[in-house]
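A.B. asks: Questions regarding the structure given below will be posed in turn.
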Amino acid sequence: MLFRSKNTDLTPEKVLEKLRTVQDPDLHRDIVSLGFVKNLKIEGDHVRFDVELTTPACPVKEQLKAQCEAVVKSLPEVKQVEVTMTAHVRSSAQQANRIALPSVRNVIAVASGKGGVGKSTVTINLSMALAAEGARVGLLDADIYGPSIPLMMGTLDAKPESREKRVIPIEKFGVKMMSMGYLIPPGEPVVWRGPMVHGALTQFLSQVEWGELDYLLIDMPPGTGDAQLTISQSAPLSGAVIVTTPQEVSLIDARKGLKMFQNVKVPILGIVENMSGFVCGHCQEVTSVFKKGGGEKLAQEGGVELLGAIPLDPEIADTSDSGTPIVAAQPQSSVSVRYQQIARKLAAHLSVLTLKTEGQFKPLSMEWQ
Amino acid sequence: MSLAPLELKQVGPKHLGIVWNDGHQSLFNVRNLRLKCRCAVCVDEWTREELLKDEMVPSDIQPKRIESVGRYALKVEWSDGHDSGFYTFEHLRALCECPLCKTR
Chain A
22 MLFRSKNTDL TPEKVLEKLR TVQDPDLHRD IVSLGFVKNL KIEGDHVRFD
72 VELTTPACPV KEQLKAQCEA VVKSLPEVKQ VEVTMTAHVR SSAQQANRIA
122 LPSVRNVIAV ASGKGGVGKS TVTINLSMAL AAEGARVGLL DADIYGPSIP
172 LMMGTLDAKP ESREKRVIPI EKFGVKMMSM GYLIPPGEPV VWRGPMVHGA
222 LTQFLSQVEW GELDYLLIDM PPGTGDAQLT ISQSAPLSGA VIVTTPQEVS
272 LIDARKGLKM FQNVKVPILG IVENMSGFVC GHCQEVTSVF KKGGGEKLAQ
322 EGGVELLGAI PLDPEIADTS DSGTPIVAAQ PQSSVSVRYQ QIARKLAAHL
372 SVLTLKTEGQ FKPLSMEWQ
Chain B
620 MSLAPLELKQ VGPKHLGIVW NDGHQSLFNV RNLRLKCRCA VCVDEWTREE
670 LLKDEMVPSD IQPKRIESVG RYALKVEWSD GHDSGFYTFE HLRALCECPL
720 CKTR
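Sequence order for the protein chains is A and B. Heads up: the first sequence begins at 22 in my numbering, then just goes up one per residue. Heads up: the second sequence begins at 620 in my numbering, then just goes up one per residue.
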């Protein structure tokens, strides 16, 4: 709502005109025409307004805020400017009635093709980095045979409650989680054929009370089989992130993972290179344990972006094993900062993609009469 | 942006209309659509032999329900109980029976 103030020449129009000079660097449009400016209030020489971004994890949030303050302050009538940064995450695919996850705005699969590249570690830390920005985040462990989320999130003993045939996810570090590990006795193997895996994943998507989420990250198992197909078919995925280590033997499977998502028309949001060199704790020399440049190579081949690289660091393994992932245990560490940067890039990419493809895809259903 | 349908429309008892995101409009005879099913029950997975024969499909076959599968296909439940077939958007578009597509 725009309130016109009485005793001054300062009008909302004047303020908006100034704000029109502030561009969102990702969307290449000014913040007024994007509809980001909300609740503009003018009281005397005091101007207050909200800037509503498309993600709380916006990489240029602070820059935009400073710019907004500066341009409005440049009006001679203005003495004080108060900008509040808020966010409203848009849904990448308008959800149809019967499709799973109606209250989840964006579903993101984190996959690799190959096992052992640190997919779960990356997924967990990214989800926590997004939550730290103020987003509502869920984490689904789709690795039915080898669930690692309960251990890494320090929730090995958690048992989800159910209410009216809906399962309540476990919540820790600001993230809602569901994993096969919560449903079976610790240490017990899941010995199932494919259709059972399909059934379990379908239930995770349809019967877990996720509530309102901005992002649901799915920690995918390795491979391109039952689990991947079920996830791609049951939920309109907003996009996928591919995790790889730098060496060729990892890239060969990562390429297949990437291709699989492209085949089912899931946009690739970017590549994360994990175990990207080891930094010596004494002399800071970087040793490329698994060669160099694999993530960059995969990104170039696939025409997608490298979101970032995470080095090999014993702290990552220690914090994961002890149940407090590095983003929570050491938020100021260089690894955590990198995770934060990757999370912001990811969120920004998704926002751009959502706006660009608005109205181009819609889940459909119809009954024949 | 990849090809995707934006609207499904029943056109009389025998035809399905689809409006695509590139503006194209398709009209399908639903029985023809049923005959083009590429699922493992209708086409042998290894030999590609067509297992579904024309005479096996009732002349008055109709879809019961059509819905999206992820971001890449439509799934049709048919009045003869068949429900395992997915039609990828590309396949479906290639099957378009409109005069423009047919002469191509």
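By construction, the Cβ of each residue, glycine as well, lies at the ideal position given by its N, Cα and C atoms.
Cβ closer than 8 Å: which chain B residues qualify as neighbours of E388 of chain A?
C.D. replies: K683 and R684
A.B. asks: With distance defined between alpha-carbon atoms, name the residue in A:V264, A:Q283 and A:S357 nearest to L327 of chain A.
C.D. replies: A:V264
A.B. asks: Using a Cβ-Cβ distance cut-off of 8 Å, determine whether Q321 of chain A contacts chain B.
C.D. replies: no
A.B. asks: Could you spell out the range, first to last residue, of the beta strand (DSSP E) harbouring K312 of chain A?
C.D. replies: Careful: K312 of chain A lies outside any beta strand (DSSP E) and carries neither H nor E.
A.B. asks: What does the Cβ neighbour count give for Q254 of chain A, buried or exposed, with the cut at 16 atoms within 10 Å?
C.D. replies: Under a 10 Å Cβ-count criterion, Q254 of chain A is classified as buried, with 16 or more other Cβ atoms of the shown protein chains found around its own Cβ.
A.B. asks: Quick one: what's got a C-beta closer than 6 Å to A117 of chain A's C-beta in the same chain, skipping five residues either side?
C.D. replies: Note that A117 of chain A has pLDDT 43, beneath the 50 cutoff, so the model's placement of it is unreliable and the number below is only indicative. Around A117 of chain A: P384 and S386.
A.B. asks: Could you tell me whether the region 234-245 of chain A touches the region 158-170 of chain A, using the rule of 3 or more Cβ pairs below 8 Å?
C.D. replies: Verdict: yes, contact present.
A.B. asks: Taking the alpha-carbon positions, what's the V229 of chain A to G56 of chain A distance?
C.D. replies: 34 Å
A.B. asks: To the nearest whole angstrom, what separates the beta carbons of A275 of chain A and G134 of chain A, a pair I think is in contact under 8 Å?
C.D. replies: 5 Å
A.B. asks: Could you give the C-beta distance for G278 of chain A and S297 of chain A, rounded to a whole number, given that I count them as a contact under 8 Å?
C.D. replies: Contact flag wrong, Cβ pair sits at about 18 Å.
A.B. asks: Starting from K59 of chain A and walking both ways along the beta strand (DSSP E), at which residues does that stretch end?
C.D. replies: Run containing K59 of chain A: V58 to E64, per the beta strand (DSSP E) assignment.
A.B. asks: Can you check whether the C-beta of P677 of chain B is within less than 8 Å of a C-beta belonging to chain A?
C.D. replies: no
A.B. asks: At a CB distance below 8 Å, what residues from the region 248-276 of chain A approach chain B? Give them in sequence order.
C.D. replies: S253, Q254, S255, A256, P257 and L258
A.B. asks: What are the boundary residues of the beta strand (DSSP E) that Y360 of chain A is part of?
C.D. replies: Residue range S355 to K377 is occupied by the alpha helix (DSSP H) that includes Y360 of chain A, with no beta strand (DSSP E) assigned at that position.
A.B. asks: When the Cα of Q681 of chain B is compared with those of B:W697, B:S645, B:L693 and B:D702, which residue comes out closest?
C.D. replies: B:W697
A.B. asks: Identify the contact partners of R657 of chain B in chain A, using a Cβ-Cβ distance below 7 Å as the criterion.
C.D. replies: Correct list: empty, because the minimum Cβ distance to chain A is about 15 Å.
A.B. asks: Using alpha carbons as the reference points, say which of A:K100, A:E185 and A:P190 lies closest to A179 of chain A.
C.D. replies: A:P190
A.B. asks: Within 8 Å, do at least three Cβ pairs link the region 669-680 of chain B to the region 643-661 of chain B?
C.D. replies: yes
A.B. asks: Please determine, among A:L37, A:M199, A:L290 and A:G323, the residue with the shortest C-alpha to C-alpha distance to G232 of chain A.
C.D. replies: It is A:M199 whose Cα lies nearest to the Cα of G232 of chain A.
A.B. asks: Pop quiz: I289 of chain A and G323 of chain A are said to be a contact at Cβ under 8 Å. What is the actual Cβ separation, rounded to whole angstroms?
C.D. replies: The pair is a contact, with the Cβ atoms about 6 Å apart (cut-off 8 Å).
A.B. asks: Anyone know if the C-beta pair for D334 of chain A and V356 of chain A falls short of 8 Å?
C.D. replies: yes
A.B. asks: Between A713 of chain B and I637 of chain B, what straight-line distance do the alpha-carbon atoms span, to the nearest angstrom?
C.D. replies: Between A713 of chain B and I637 of chain B, the C-alpha separation is close to 13 Å.
A.B. asks: Could you give the uninterrupted runs of the alpha helix (DSSP H) lying entirely in the region 89-166 of chain A, keeping only those of 4 residues or more?
C.D. replies: 140-153
A.B. asks: Is the beta carbon of S292 of chain A less than 8 Å from the beta carbon of L319 of chain A?
C.D. replies: Here residue 292 of chain A turns out to be Ile, not Ser, going by the sequence shown. Yes, these two residues count as a Cβ contact at 8 Å.
A.B. asks: Is the CB of L719 of chain B under 8 Å away from at least one CB in chain A?
C.D. replies: no
A.B. asks: By the three-class DSSP mapping on this structure, what secondary structure does N724 of chain B have?
C.D. replies: Here chain B has residues from 620 to 723 only, and residue 724 of chain B is not among them.
A.B. asks: Could you run through the region 629-640 of chain B and flag, in chain order, every residue whose CB is less than 7 Å away from some CB of chain A?
C.D. replies: Q629 and N640
A.B. asks: What does R690 of chain B reach in chain A if we use C-beta pairs closer than 9 Å?
C.D. replies: A114, S253, P257, L258, V285, K286, V287, P288, F382 and P384
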